[in-house]
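J.: Each residue of the sequence shown is one higher than the one before, counting from 3 in our numbering. Beta carbons: idealized from backbone N, C-alpha and C, even for Gly.
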Amino acid sequence: MKNATPSVSPLKNNGHIHTPFSFSAFKSVQQAVQLAKEEGIKVLGINDFFVTDGYSEFATECKKHQIYPLFNIEFIALDKQMQADGIRVNDPANPGRIYISGKGLRFPFATSEEAIAMSTLAQKESQKQMEAMISKLNDLLLHKEAGFTLSSDLIYKKYARNLIRERHLARAMREEAQANLSGEPAVLALFTRIYGSEPNAKLDNINAFEEEIRGKLLKAGGAAYVAEDEKAFPSVEAIKQFILDSGGIPTYPLLADDAKGGYTDFEEDIDQLINKLNAKGFFSVEFIPGRNNRELLEKYATKLYHNGFIVTFGTEHNTPAMIPLTVSCRGAEPLGDTLELIGYNGVCAIAAHQHLIQMGKTGYCTQNKTTLPREELEILGDILIRNKYNHESE
């Protein structure tokens, strides 16, 4: 492949996982990194929503297990015009809502006062929504004589760290029902009363059961749904500025193809997508290949790579399902040589950018342009990663 890193095998990597500092399948940062070590992963990227609180613990665990750490973050923006026009971007259910990642942030973390204010407001508004949802859930639990209620204190103590998210509420509902009721029949009877019909998911499938709680109670139309205040969603430009002020690379996460081979309105034409991303100042993209067909993913990722983008892959682990940390495509199909090399090039470029920023030097990009050749970063990053823990011969 043109512009590949040196003629060595790509090291196994995963550029995007969530930890319990937002929501995660993992019980701890320690567990996430330990499992990555067991799967032979050499480069791992933390990618929590809104917060960098897990960075120090993540760095310590990665050092212990000789894994190269990438320090990332994720936000959700709202484009009001796209929302009004019904344009789906990378959230298939919510027009105008845009997930944005920042890659290779400064560690130890430091940013501007303006960036801190933006992030603090987004977190505050999101937690106000969660408190309102907890109140509605409690009304429902009392009305249905569940025998227990929830509280933010309980959820922080048992299920969350510094941030409560919707998935924490679903997990708390399931686990508190199981803890307070006498056996599976009683739990299913409670959810039958709450839903008005028997649950479709089984309790032995935790992921499906909690997803059903979210779908029936916490999403639009559900008994405990509370619409987010627009203040919970910064603009695309505000999020980009936060990432740049924090030393990172603004990155667009592609949803890409769904199970039927369809794409969102924003992503369906790859050539137009490239132009739109360049115009918005995004020169880095990422995929979660587990939701994509390998051939379609390779088409998109290759085209983006050859048009100058940094391209990375991850697994998220942002649901209760404990899937492998080894990145694969839909149906657990391996990435294959082309995608493996593209993805490794991507984490090399981010590692190099991260290193240069930490040295007080210029990184990969500014607000609307790249400042260093991606190919030079790929080579530097490969050297940094292999030399850090003596992975030269792997």
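Spatial neighbours of residue 127 within its chain, please: C-beta separation below 6 Å, excluding the five flanking residues on both sides.
T.: 231, 233, 234
J.: Less than 8 Å between C-beta atoms, sequence neighbours within five positions excluded: which residues of the same chain meet that for residue 222?
T.: These residues qualify, in order along the chain: 229.
J.: Is the beta carbon of residue 322 less than 8 Å from the beta carbon of residue 27?
T.: yes
J.: Whole angstroms are fine: how far does the CA of residue 377 sit from the CA of residue 5?
T.: Because the pLDDT of residue 5 is 48, which lies under 50, any placement of that residue in the model is unreliable, and the number read from its coordinates should be weighed accordingly. Using only the alpha carbons, I get a separation of about 6 Å.
J.: With a CB to CB cut of under 8 Å and the five nearest residues on each side skipped, what residues in its chain are close to residue 201?
T.: 190, 193, 194, 211, 214
J.: Does residue 187 come out as helix, strand or coil in the three-state DSSP assignment?
T.: DSSP, reduced to helix, strand and coil, places residue 187 within a helical segment of the structure shown.
J.: Taking the alpha-carbon of residue 95 as reference, which of 148, 163, 257 has the nearest alpha-carbon?
T.: Nearest in C-alpha terms to residue 95, of all of 148, 163, 257, is 257.
J.: To which residues of the same chain is residue 354 closer than 6 Å at the C-beta, ignoring the five residues directly before and after it?
T.: Cβ neighbours of residue 354 beyond the five flanking positions: 379, 382, 383.
J.: Hey, residue 75 and residue 50 are a contact pair by Cβ (cut 8 Å); roughly how many whole angstroms apart?
T.: 7 Å
J.: Going by other Cβ atoms of all chains shown within 10 Å of its Cβ, with 16 needed for buried, is residue 371 buried or exposed?
T.: exposed
J.: Is there a Cβ of chain D sitting closer than 8 Å to that of residue 379, yes or no?
T.: In summary, chain D is missing from the structure at hand, where a single protein chain is found.
J.: Within the region 177-262, note down every full beta strand (DSSP E) run reaching 3 residues or more, in order along the chain.
T.: 251-256
J.: Would you check if there are 3 or more beta carbon pairs closer than 8 Å linking the region 303-320 to the region 342-357?
T.: Contact between the region 303-320 and the region 342-357 is present, because at least three Cβ pairs lie under 8 Å.
J.: How many Å lie between residue 147 and residue 187 at the Cα?
T.: When rounded, the distance between both Cα atoms is 15 Å.
J.: Can you find the residues in the same chain that come closer than 8 Å, C-beta to C-beta, to residue 265, ignoring five residues on each side of it along the sequence?
T.: 257, 258, 259
J.: Taking the beta carbon of residue 79 as the centre, do at least 16 other beta carbons fall within 10 Å, making it buried, or is it exposed?
T.: buried
J.: For residue 1, write down the residues that DSSP places opposite it in a beta bridge.
T.: The structure shown does not extend to residue 1, since the chain spans only 3 to 396, so no value can be given for it.
J.: Does the Cβ-Cβ distance between residue 11 and residue 117 come in under 8 Å?
T.: no
J.: Considering only the beta carbon of each residue, do residue 397 and residue 24 sit closer than 8 Å?
T.: Absent from the model: residue 397. The displayed extent of the chain is 3 to 396, so no value can be given.
J.: Mind checking which residues open and close the beta strand (DSSP E) that includes residue 314?
T.: 312-315
J.: Grouping DSSP H, G and I as helix and E and B as strand, with all else coil, what is residue 373?
T.: Residue state for residue 373 is assigned as coil, using DSSP reduced to three classes.
J.: Just to confirm my understanding: we take residue 283, look at its own chain, exclude 5 residues before and 5 after, and list those with CB closer than 7 Å. What are they?
T.: 242, 252, 369, 370
J.: Give the DSSP-derived three-state secondary structure of residue 24 in the structure shown.
T.: coil
J.: Closer than 6 Å by C-beta to residue 287: which residues in its own chain qualify, once you throw out the five before and the five after it? Chain order, please.
T.: Sequence-distant partners of residue 287 (beyond 5 residues in either direction) whose C-beta falls short of 6 Å from its own C-beta, in its chain, are 254, 256, 306, 311, 313.
J.: Can you tell which of 158, 13, 21, 161 has its C-alpha closest to the C-alpha of residue 319?
T.: 21
J.: How big is the Cα-Cα spacing for residue 101 and residue 63?
T.: 27 Å
J.: Applying the 10 Å Cβ sphere with the 16-neighbour rule, what's the burial state of residue 144?
T.: exposed
J.: Just how far apart, CA to CA, sit residue 133 and residue 250?
T.: 31 Å
J.: Judging by CA-CA distance, which residue of 327, 339, 367 is the nearest neighbour of residue 40?
T.: Among 327, 339, 367, the Cα nearest to that of residue 40 belongs to 327.
J.: Based on Cα-Cα distance, which residue from 105, 185, 158 lies nearest to residue 173?
T.: Nearest C-alpha to residue 173: 158.
J.: Measuring CB to CB, does residue 52 end up less than 8 Å from residue 31?
T.: no
J.: Can you check whether the CB of residue 83 is closer than 8 Å to the CB of residue 97?
T.: no
J.: Restricting to Cα atoms, I'd like to know which of 366, 204, 73 is closest to residue 112.
T.: 73
J.: Since I believe residue 344 is in contact with residue 309 (beta carbons under 8 Å), could you give me their beta-carbon distance rounded to a whole number of angstroms?
T.: Rounded, the Cβ-Cβ distance is 12 Å, inconsistent with contact.
J.: Just the Cα atoms here: how many angstroms apart are residue 270 and residue 293?
T.: Cα-Cα distance, rounded: 16 Å.
J.: Could you give the distance in angstroms between the alpha-carbon of residue 363 and the alpha-carbon of residue 238?
T.: 25 Å
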